[in-house]
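Have a look at the structure below before the remarks.
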Amino acid sequence: MGAGGGESNTGVIQTKEKLVGAANFKRVNPKTDRFDVKKFHHIELYCGDANNTYRRFSAGLGMKLVAKSDNTTGNHSYSSYVLQSGELTFAFSAPYGTHQAQGQDQAEGGHAPHPCFDAEGAFEFFKKHGLAVKAVGVSVADARLAYDQAVKNGAEGRVEPHVLKPTNEGEASGEMVISEILLYGDVHLRFVSGDYKGPFLPGYAPVESAEFTYGLKRLDHCVGNVPNMLEVYNYLITATGFHEFAEFTAEDVGTIDSGLNSIVAASNNEMVLFPINEPTFGTKRKSQIQTYLEQNCGAGVQHLALKTENIFKTLRHMREVEQLSGFELMPRPSEKYYKELPMKVGNSLTADQYKTVEELGILVDKDDQGVLLQVFTKPVCDRPTLFIEIIERVGCMREQKNEETNKVDMVQAAGCGGFGKGNFKELFKSVEEFEASLNV
59 MGAGGGESNT GVIQTKEKLV GAANFKRVNP KTDRFDVKKF HHIELYCGDA
109 NNTYRRFSAG LGMKLVAKSD NTTGNHSYSS YVLQSGELTF AFSAPYGTHQ
159 AQGQDQAEGG HAPHPCFDAE GAFEFFKKHG LAVKAVGVSV ADARLAYDQA
209 VKNGAEGRVE PHVLKPTNEG EASGEMVISE ILLYGDVHLR FVSGDYKGPF
259 LPGYAPVESA EFTYGLKRLD HCVGNVPNML EVYNYLITAT GFHEFAEFTA
309 EDVGTIDSGL NSIVAASNNE MVLFPINEPT FGTKRKSQIQ TYLEQNCGAG
359 VQHLALKTEN IFKTLRHMRE VEQLSGFELM PRPSEKYYKE LPMKVGNSLT
409 ADQYKTVEEL GILVDKDDQG VLLQVFTKPV CDRPTLFIEI IERVGCMREQ
459 KNEETNKVDM VQAAGCGGFG KGNFKELFKS VEEFEASLNV
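Structure representation (structure tokens):
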């Protein structure tokens, strides 16, 4: 097992019938994963134009192009471009045609890296959802075992285990096994294992590009919006063995006008975190989660939280390109928010840091373990659906043996500082004002 891995267990899985609220929830890690889960591996998004989409995300988030698969590499079914910053990996894929392109690929000996890519299905996905996350890749010790265990315990299989091998000159060595189950909506949970050394899947051609980063390190958590939170949560934890990491009710996080319920599923090592939201009803305004479900035409990934070790540096870069090719950030919180902030987080920030978080419009929260700094973009596409969170966690350092180097490293506990419970109302207010301008 590599450093940071989470050993599997056969303990009893605790499904959930009702939320108890943040104040009454007690976090316990029973370590019940059904298979060894390591960390997030990648995010794959389907889009209508992969070339232009990856360029915007590259400029907006400071991620460099590291691999590609398209006509020039022998893939005549779809184009796909891979961006990377630290361990954070995004792939943007768009089909060239419908099922005819798949037939052409097979007849002319082309190389489509994903063995089960469905061009017609990709078209339908984009037509239904617009730019959206199709697959969440997770590194596991054995993608075959992960698939078998998940399906045995109720998961809906989508892609049976396949072995992928390099096909391009100059490509990294090794092999990869992938398999996929349904996560929610039309989104797949993709299991990845093997010794392949490339940045994404075998079959992608490496791309040499200059170093380029705003400091993003990895995917912290992946948030889904669904109409039936507990049903999806129980499906996921029954299939994987994940445990509950946190929960929030409308009373915890809502405003006068709208609300949501939320629960977070986590792997043993808590490096893989899946918050799941559902709308609440009976409020003055329609829940922003309900707006998402309507605009996305069903359940899907609401936002991706990207972890940085220096949110000040990352945001300064993002704000420099915000009006050019980047992403618009949500409006800064009110002066009242920053005036009251020292009473909430105390001496966890210095005087200079208090000035900087106000200057950059950063939300700050604190729990009994650490400090959370976060900021959110507006939706990154035409529909008010997918958006990005930039997050820094401070504190919670601990010793952990690295079994690959046999040394003891100082690492940060996953989820340090929580999920910004104290910021939900400020964020809700900002989103409500934004959605009011859309008349949706």
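The sequence shown begins at 59 in this note's numbering and counts up by one.
C-beta atoms are modelled at their ideal positions from N, C-alpha and C, and glycine is treated no differently.
The structure presented is a predicted model; accordingly, all values stated were derived computationally and were not measured.
Check	Outcome
Whose CA, out of Phe339, Thr443 and Ser320, lies closest to the CA of Glu352?	Thr443
Leaving out five residues before and five after Leu203 in sequence, what residues of the same chain have Cβ atoms less than 6 Å from its Cβ?	Phe93
Just the Cα atoms here: how many angstroms apart are Thr338 and His172?	38 Å
In the DSSP assignment, find the unbroken beta strand (DSSP E) run with Met234 in it and report its ends.	Met234 to Tyr242
Looking at the structure shown, is Lys192 part of a helix, part of a strand, or coil, going by DSSP?	strand
Less than 8 Å separating the beta-carbons of Val196 and Val250?	yes
Only counting the same chain, and skipping five residues up and downstream in sequence, which positions put a Cβ closer than 8 Å to that of Asn335?	Val281, Gly282, Asn283, Val284, Met287, Leu318, Asn319, Ser320, Ile347 and Gln360
Per the DSSP calculation, Asn319 is bridged to which residue(s)?	Glu336
Look at the alpha carbon of Leu430 and the alpha carbon of Lys402, and state the distance between them as a whole number of angstroms.	12 Å
Determine contact between the segment 218-237 and the segment 97-108, defined as no fewer than three beta-carbon pairs at a distance below 8 Å.	no
Taking the runs of the beta strand (DSSP E) that are 3 residues or longer, which of them lie wholly in the segment 250-336?	274-283, 301-306 and 318-324
Please confirm whether Pro257 and Thr225 have their CB atoms less than 8 Å apart.	no
Taking only the alpha-carbon atoms, compute the straight-line gap between Leu240 and Thr296 and give it to the nearest angstrom.	13 Å
Hey, could you find the ends of the alpha helix (DSSP H) Arg377 is sitting in?	Ile369 to Glu378
So Leu421 is in the beta strand (DSSP E); what residue range does that whole segment cover?	Leu421 to Lys424
Pull up the DSSP beta-bridge partners for Ile448, would you.	Leu364 and Val433
Looking at the secondary structure, which residues open and close the beta strand (DSSP E) in which Pro88 lies?	Element bounds for Pro88: n/a, residue is neither H nor E.
Could you have a look at Ile540 and say whether DSSP puts it in helix, strand or coil?	Here the chain covers residues 59 to 498 and nothing more, so residue 540 does not appear.
With C-beta atoms as the reference, is Ala201 less than 8 Å away from Pro219?	yes
At the level of alpha carbons, what is the spacing between Lys192 and Gly273?	25 Å
For Gly60, which three-state DSSP category applies?	Because the pLDDT of Gly60 is 39, which lies under 50, any placement of that residue in the model is unreliable, and the number read from its coordinates should be weighed accordingly. Coil.
Looking only at its own chain, which residues have a Cβ that is under 8 Å from the Cβ of Ala81, when we skip the five neighbours before and after it?	Asp310
Please name the residue or residues paired with Leu146 in a DSSP beta bridge.	Ser143
What is the residue span of the beta strand (DSSP E) that Val217 lies within?	Gly215 to Leu222
Count the other CB atoms within 10 Å of the CB of Leu496; is the residue buried (16 or more) or exposed (fewer)?	exposed
Give a yes or no on contact between the segment 423-437 and the segment 376-389, applying the rule of three or more CB pairs nearer than 8 Å.	yes
At what residues does the beta strand (DSSP E) containing Val124 begin and finish?	Lys122 to Ser127
Rounded to a whole number of angstroms, what is the C-alpha to C-alpha distance between Ala324 and Glu302?	6 Å
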